[in-house]
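Quick note: to get my numbering, add 220 to the position in the sequence shown (first position is 1). What follows is one structure encoded as structure tokens, with my remarks underneath.
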Amino acid sequence: MNNKKEKFARFGIATKGFVYCLIGGLTAMAAFGAGGKKTGSSGALEFLSSQTYGQILLVITALGLLGFVFWRLYQTFADPEDKGNDAKGIFRRMGYFSSGVFYGLLTYTAIKTVAGSGSDSGGGKESLVNTLLSESYGQILVGILGVIFLCKAGYQLYRAYSGKFKNKVNESGLGRKARELVLKSGQIGYTARGVVIGIISFLTFKAAFSANSNQAGGTEDAFGFIQNEFGAIVLAVVAIGLLAYGVFMFIKAKYRKMSGI
221 MNNKKEKFAR
231 FGIATKGFVY
241 CLIGGLTAMA
251 AFGAGGKKTG
261 SSGALEFLSS
271 QTYGQILLVI
281 TALGLLGFVF
291 WRLYQTFADP
301 EDKGNDAKGI
311 FRRMGYFSSG
321 VFYGLLTYTA
331 IKTVAGSGSD
341 SGGGKESLVN
351 TLLSESYGQI
361 LVGILGVIFL
371 CKAGYQLYRA
381 YSGKFKNKVN
391 ESGLGRKARE
401 LVLKSGQIGY
411 TARGVVIGII
421 SFLTFKAAFS
431 ANSNQAGGTE
441 DAFGFIQNEF
451 GAIVLAVVAI
461 GLLAYGVFMF
471 IKAKYRKMSG
481 I
């Protein structure tokens, strides 16, 4: 792997971890009544912009997110991990591509915030759902979107507890304590992501059945649902789980095996 490209990709993975630490930390603080706020990715960027040297932090974050987009697109088209061109391989590579698109949009949001245009922190998924509902068979299309989110949620849980994930950790060459930290942070983080994405799927299904885009929502809405239905303690647990996922991304950025660049 080209050293500069590898460093750029690792910087991108670490930046993703930084964003998740912000999301989890701010939401946990809100759950405990210690300030903070329930927020998703765009809200985390808004928080950064309001800090001392916020513009500099946003520029660095935007560059890091661009590094993650680069890595996802490279995984999609160059296939350095040899996922292949069968149905399973194409499905995995399309997952990388959709992740790259999402973080590309988040990079654009960061750039807009730096430029002073603000970010559209609310209603992103509502806008998408509203667009789909305006089409013929719109409710079916939104239902399919809900299924996609549900599959993604299930995959997060699979990654958390599958033997494949444990084997990768055990084969990483890390010491015992480091492996335990990676395994625990990864399992907790993937589980929290699965819960949040599962709730986003539920909200999307509600929008499909009611033909009302206001029923849909993203991460921030999922946090609101958790707090309203299960209370602040459960919200805090999920938020801390996302914080753990951020820590896991930092570890992954340092130790992940990369080849083919």
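Yeah, the Cβ is synthetic: ideal placement off N, Cα and C, and Gly gets one too.
- Message: Just to confirm the assignment, what range does the alpha helix (DSSP H) spanning Tyr-378 have?
- Response: As a first step, residue 378 must be located in the sequence shown, where it is residue number 158. Where Tyr-378 is concerned, the enclosing alpha helix (DSSP H) stretches over 358 to 381.
- Considering Gly-414, what are the terminal residues of the alpha helix (DSSP H) in which it resides? Taking the first residue of the sequence shown as 1, we reach residue 414 at position 194. Run containing Gly-414: 396 to 430, per the alpha helix (DSSP H) assignment.
- Message: Can you find the residues in the same chain that come closer than 6 Å, C-beta to C-beta, to Gly-342, ignoring five residues on each side of it along the sequence?
- Response: By 1-based counting over the sequence shown, the position of residue 342 is 122. Note that Gly-342 has pLDDT 48, beneath the 50 cutoff, so the model's placement of it is unreliable and the number below is only indicative. Result list for Gly-342: empty, nothing under 6 Å.
- Task: Look at the alpha carbon of Lys-373 and the alpha carbon of Ile-331, and state the distance between them as a whole number of angstroms.
- Result: Residue numbering aside, residue 373 sits at position 153 when the sequence shown is read from its first letter. Residue numbering aside, residue 331 sits at position 111 when the sequence shown is read from its first letter. Here residue 373 turns out to be Ala, not Lys, going by the sequence shown. Spanning the two alpha carbons is a distance of roughly 29 Å.
- Inspect the CB distances between the region 455 to 473 and the region 268 to 281 and report whether three or more fall short of 8 Å. No, they do not touch.
- For Met-314, which of helix, strand or coil comes out of DSSP? On the sequence shown, position 94 is the one that residue 314 refers to. In the three-state scheme derived from DSSP, where H, G and I count as helix and E and B as strand, Met-314 is classed as helix.
- Query: Can you name, in chain order, every residue of its own chain whose Cβ lies under 6 Å from the Cβ of Lys-477, other than the five neighbours on each side?
  - Reply: For the purposes of this step, residue 477 is taken as the residue at position 257 of the sequence shown. Same-chain partners within the cutoff: there are none.
- Message: Which of the three DSSP states is assigned to Lys-477 in this structure?
- Response: Mapped onto the sequence shown, residue 477 falls at position 257. Note: Lys-477 maps to coil in three-state DSSP.
- Item | Cβ-Cβ separation, Gly-437 to Leu-423 (assumed contact under 8 Å), whole Å | Taking the sequence shown and counting its residues from 1, one reaches residue 423 at position 203. Taking the sequence shown and counting its residues from 1, one reaches residue 437 at position 217. Contact check for Leu-423 and Gly-437: beta-carbon distance about 5 Å, within the 8 Å limit, so the pair qualifies.
- Query: Grouping DSSP H, G and I as helix and E and B as strand, with all else coil, what is Thr-240?
  - Reply: For the purposes of this step, residue 240 is taken as the residue at position 20 of the sequence shown. According to the sequence shown, residue 240 is Tyr rather than Thr. Correct three-state label for Tyr-240: helix.
- Task: Would you mind reading off the limits of the alpha helix (DSSP H) that contains Glu-301?
- Result: Along the sequence shown, one-based indexing puts residue 301 at 81. It is not in any alpha helix (DSSP H) - Glu-301 carries neither H nor E in the DSSP assignment.
- Query: Comparing alpha-carbon positions, which option in Ala-428, Phe-425 and Arg-379 lies nearest Gly-414?
  - Reply: Counted from its first residue, the sequence shown places residue 414 at position 194. Closest by alpha carbon: Arg-379.
- On the premise that Gly-245 lies in contact with Thr-463, defined as a C-beta separation below 8 Å, what is that separation, rounded to the nearest angstrom? Within the sequence shown, numbered from 1, the residue matching residue 463 stands at position 243. Within the sequence shown, numbered from 1, the residue matching residue 245 stands at position 25. One detail in the question is off: residue 463 reads as Leu in this sequence, not Thr. Indeed, because the Cβ distance is near 6 Å, the residues count as touching under 8 Å.
- Query: Taking the alpha-carbon positions, what's the Lys-384 to Leu-377 distance?
  - Reply: Looking up residue 384 in the sequence shown gives position 164. Looking up residue 377 in the sequence shown gives position 157. Answer to the nearest angstrom: the Cα atoms are 12 Å apart.
- Message: Using CA atoms only, rank isn't needed, just tell me which of Leu-361, Ala-248, Phe-429 and Glu-301 is closest to Ile-460.
- Response: Here the question's residue 460 lines up with position 240 in the sequence shown. Nearest in C-alpha terms to Ile-460, of all of Leu-361, Ala-248, Phe-429 and Glu-301, is Ala-248.
- Message: Nearer than 8 Å: is that true of the beta carbon of Phe-322 relative to any heavy atom of the ligand GDP?
- Response: The ligand GDP is absent from the structure shown, which contains no ligand whatsoever.
- For Thr-259, which of helix, strand or coil comes out of DSSP? On the sequence shown, residue 259 is found 39 positions in, with the first residue counted as 1. Note: Thr-259 maps to coil in three-state DSSP.
- Query: Going by the beta-carbon positions, is the gap between Leu-394 and Tyr-328 smaller than 9 Å?
  - Reply: For this step, residue 394 is matched to residue 174 along the sequence shown. For this step, residue 328 is matched to residue 108 along the sequence shown. In this structure, Tyr-328 does not lie closer than 9 Å to Leu-394 by Cβ.
- Item | Ser-341 (DSSP reduced to helix, strand or coil) | In the sequence shown, the residue the question calls residue 341 occupies position 121. For Ser-341, the predicted structure reports a pLDDT of 48, less than 50, and the residue's modelled location is therefore unreliable. A value from the coordinates is still provided. Three-state result, Ser-341: coil.
- Item | Host alpha helix (DSSP H) of Asn-222 (start-end) | Indexing the sequence shown from 1 puts residue 222 at position 2. No alpha helix (DSSP H) holds Asn-222; DSSP gives it neither H nor E.
- Which value, in whole angstroms, describes the spacing of the CA atoms of Asp-302 and Ala-234? Along the sequence shown, one-based indexing puts residue 302 at 82. Along the sequence shown, one-based indexing puts residue 234 at 14. Using only the alpha carbons, I get a separation of about 23 Å.
- Message: Which residue marks the beginning of the alpha helix (DSSP H) containing Glu-440, and which one marks its end?
- Response: Here residue 440 refers to the residue found at position 220 when the sequence shown is read from its first residue. Unbroken alpha helix (DSSP H) run through Glu-440: 439 to 450.
- Message: Across the region 287 to 294 and the region 316 to 323, are there enough close Cβ pairs to call them in contact, namely three or more that are closer than 8 Å?
- Response: yes
- Item | Residue closest to Gly-315, alpha-carbon to alpha-carbon, out of Gly-418, Tyr-410 and Tyr-375 | Working through the sequence shown from its first residue, we reach residue 315 at position 95. Taking only the C-alpha atoms, the option nearest Gly-315 is Tyr-375.
- Message: For Phe-288, which residues in the same chain have their Cβ closer than 7 Å to its Cβ, ignoring the five residues on either side in sequence?
- Response: Translated into positions along the sequence shown, residue 288 becomes position 68. So the list reads Gly-232, Ile-233, Thr-235, Lys-236 and Tyr-323, once near-sequence residues are dropped.
- Query: Buried or exposed: which applies to Asp-306, given that a residue is buried once 16 or more other Cβ atoms fall within 10 Å of its Cβ?
  - Reply: The count along the sequence shown starts at 1 and reaches residue 306 at position 86. Under this definition Asp-306 is an exposed residue.
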